[in-house]
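Data first, discussion second: the structure below is written as structure tokens.
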Amino acid sequence: MSIRHHFQALQKWHREANSESAEAFLPPLKADTLSKALKNFPFDLPADAKLLYEQADGMQDNAPLFREYTFYPLREAVDEYELMCEVVESIPEAVEWKRSWLPIFGFQGDLFVIECDLLSADRGRIYYRAAEDQPYPWYDNLEQMLLTIRKCFEQKAYFYDEDEILTEDFEAANAIREQLNPRSARIEVQKPEPQEETIDEQPDGTKRITTRYSEDHYKEQFFGPDNRKMGQCEYAQGQLLSRDTWEYPAPGEVEITSENMMGMMMTTKNKGTMAADGTVEIQSISSYMNGELMFEQNLNDEGGFDLAGFEELEDDEENDDTEE
Numbered sequence: 556m557s558i559r560h561h562f563q564a565l566q567k568w569h570r571e572a573n574s575e576s577a578e579a580f581l582p583p584l585k586a587d588t589l590s591k592a593l594k595n596f597p598f599d600l601p602a603d604a605k606l607l608y609e610q611a612d613g614m615q616d617n618a619p620l621f622r623e624y625t626f627y628p629l630r631e632a633v634d635e636y637e638l639m640c641e642v643v644e645s646i647p648e649a650v651e652w653k654r655s656w657l658p659i660f661g662f663q664g665d666l667f668v669i670e671c672d673l674l675s676a677d678r679g680r681i682y683y684r685a686a687e688d689q690p691y692p693w694y695d696n697l698e699q700m701l702l703t704i705r706k707c708f709e710q711k712a713y714f715y716d717e718d719e720i721l722t723e724d725f726e727a728a729n730a731i732r733e734q735l736n737p738r739s740a741r742i743e744v745q746k747p748e749p750q751e752e753t754i755d756e757q758p759d760g761t762k763r764i765t766t767r768y769s770e771d772h773y774k775e776q777f778f779g780p781d782n783r784k785m786g787q788c789e790y791a792q793g794q795l796l797s798r799d800t801w802e803y804p805a806p807g808e809v810e811i812t813s814e815n816m817m818g819m820m821m822t823t824k825n826k827g828t829m830a831a832d833g834t835v836e837i838q839s840i841s842s843y844m845n846g847e848l849m850f851e852q853n854l855n856d857e858g859g860f861d862l863a864g865f866e867e868l869e870d871d872e873e874n875d876d877t878e879e
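Last residue of the sequence shown: 879 in my numbering, with the numbers rising by one and none dropped.
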């Protein structure tokens with residue numbers, strides 16, 4: 556897949572939804588115009604960002620691309636950059652900001668920025684910088700960001716509500732983001748304090764630990780005779796929310812299959828090594844959505860994701876381009 560195909564899919568979603576944003580995309584930038592717009596930006600724009608601006612020079616009138624966030628025209632992105640640099644110079648202790656960050660998406664001071672430093676190991680990574688919070692690595696790169704937004708629309712984690720406001724199901728959207736961006740920030744969903752914990756031991760040495768957070772919200776963990784974890788399930792209101800299965804293919808190795816049962820049927824297979832204290836270091840990730848392999852990655856490799864499951868869709872989009 557490519558920046559172009561993901562971006563065209565987002566434009567198509569807005570058209571089919573009769574969104575006002577469908578008419579807000581500005582014409583693409585040519586190479587010479589792109590260079591002129593960047594004359595006051597002292598870093599080289601990553602290739603993915605250049606490809607994005609070759610699809611459209613942002614959106615007019617602050618129209619949202621996803622949630623409330625607009626896609627900045629490049630000159631406005633540089634204006635936002637210069638504004639942030641001025642703020643840092645005047646009150647440096649109040650703002651966490653890197654001069655190699657260029658804001659590409661934003662809304663009222665909340666920004667998604669791309670790392671542009673050629674010498675940075677994080678070049679191309681997308682950070683989320685809220686107006687009153689510290690920045691977090693939010694997407695592994697721009698292509699993964701567009702893919703994530705695309706899947707959020709396709710899985711109805713982003714949608715228009717009854718008041719025709721573009722909104723989100725945060726838990727569903729964040730689950731998709733975390734699945735597709737394993738090198739970026741994780742959000743710990745705060746659970747209530749456990750009310751009760753019981754241990755059910757069997758004659759064969761296996762045991763089940765049940766942790767109750769409320770009458771209808773509880774988690775079960777399962778352990779083998781050797782005290783190794785075999786899996787866990789979480790329930791709420793009589794429904795299974797998630798299920799993890801732990802397997803040990805060889806000494807010191809572990810494979811964890813995590814299934815999200817909340818309507819998306821998202822599955823992640825994590826393979827790693829287990830230390831003596833029980834901590835796990837993940838070595839590779841395979842992610843599936845509704846049974847379809849989305850990507851595989853060896854976290855020890857320097858390369859990006861091996862995306863899967865989109866070849867047929869990409870061919871269809873190329874055929875649509877040809878027909879047009």
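From the three backbone atoms N, C-alpha and C, an ideal C-beta is built for every residue, glycine too.
- Item | Contacting residues, own chain, Cβ-Cβ under 6 Å from Glu857 (five flanking each side not counted) | Reading the sequence shown from its first residue, position 302 is the one you call residue 857. Residue placement at Glu857 is flagged as unreliable, the pLDDT there being 42, under the threshold of 50; a coordinate-derived value is accordingly withheld.
- Take Glu732 as the anchor and find which of Glu698, Glu719, Leu600, Gln750 has the nearest alpha-carbon. By 1-based counting over the sequence shown, the position of residue 732 is 177. It is worth fixing the name first, because residue 732 is Arg in this sequence and not Glu. Comparing Cα-Cα distances from Arg732 to each of Glu698, Glu719, Leu600, Gln750, the minimum goes to Glu698.
- Give me the Cα-Cα distance between Arg622 and Thr722, rounded to the nearest whole angstrom. Translated into positions along the sequence shown, residue 622 becomes position 67. Translated into positions along the sequence shown, residue 722 becomes position 167. Put simply, the backbone Cα of Arg622 is about 5 Å away from that of Thr722.
- Item | For Tyr608, the three-state DSSP class (helix, strand or coil) | Counted from its first residue, the sequence shown places residue 608 at position 53. Here DSSP, grouped into helix, strand and coil, assigns Tyr608 to helix.
- CB-CB length for Leu893 against Phe660, believed under 8 Å: The question about residue 893 has no answer here: the residues shown for the chain are numbered 556 through 879.
- Would you mind listing the alpha helix (DSSP H) stretches within the region 717–774 that are 4+ residues and don't spill past its ends, in chain order? Counting whole runs of 4 or more residues, the region 717–774 contains the alpha helix (DSSP H) stretches 725–735.
- Query: If you draw a straight line from the alpha carbon of Leu673 to that of Leu600, how long is it in whole angstroms?
  - Reply: Numbered from 1 along the sequence shown, position 118 holds the residue referred to as residue 673. Numbered from 1 along the sequence shown, position 45 holds the residue referred to as residue 600. About 9 Å.
- Query: Three-state secondary structure (DSSP) at Asn853?
  - Reply: Taking the sequence shown and counting its residues from 1, one reaches residue 853 at position 298. In the displayed model, Asn853 falls within a strand according to three-state DSSP.
- Message: Going by DSSP in three states, Ala805 sits in which element: helix, strand or coil?
- Response: For this step, residue 805 is matched to residue 250 along the sequence shown. DSSP places Ala805 in coil when its eight states are reduced to three.
- Task: Could you name the residues of the same chain whose beta carbon sits closer than 6 Å to that of Ala592, not counting the 5 residues immediately before and after it, in chain order?
- Result: Taking the first residue of the sequence shown as 1, we reach residue 592 at position 37. Hits under 6 Å: Leu629, Arg630.
- Item | Euclidean distance between Cα positions of Cys707 and Gln757 | Translated into the one-based positions of the sequence shown, residue 707 becomes position 152. Translated into the one-based positions of the sequence shown, residue 757 becomes position 202. When rounded, the distance between both Cα atoms is 43 Å.
- Item | Length of the line joining the Cα atoms of Leu589 and Gly846 | Locating residue 589 in the sequence shown gives position 34, counting from the first residue. Locating residue 846 in the sequence shown gives position 291, counting from the first residue. Approximately 41 Å between the Cα atoms of the pair.
- Message: Within the continuous beta strand (DSSP E) that includes Glu836, where are the two ends?
- Response: Locating residue 836 in the sequence shown gives position 281, counting from the first residue. In the DSSP annotation of this structure, the continuous segment of the beta strand (DSSP E) that includes Glu836 starts and ends at 835–844.
- In or out: Ser769 buried (at least 16 other Cβ within 10 Å) or exposed? Position 214 of the sequence shown holds residue 769. Classification of Ser769: exposed, given that the 10 Å Cβ count is below 16.
- Spatial neighbours of Ala632 within its chain, please: CB distance less than 7 Å, with the 5 preceding and 5 following residues excluded, ordered by chain position. As a first step, residue 632 must be located in the sequence shown, where it is residue number 77. Result list for Ala632: Leu657, Pro658, Ile659, in chain order.
- Message: Using the three-state DSSP reduction, which class does Tyr636 fall into: helix, strand or coil?
- Response: Counting from 1 along the sequence shown, the entry for residue 636 is found at position 81. Here Tyr636 sits in helix by DSSP.
- Which term fits Asp531, buried or exposed, when burial requires 16 or more other beta carbons within 10 angstroms of its beta carbon? This structure gives no information on residue 531, because the portion of the chain shown stretches from 556 to 879.
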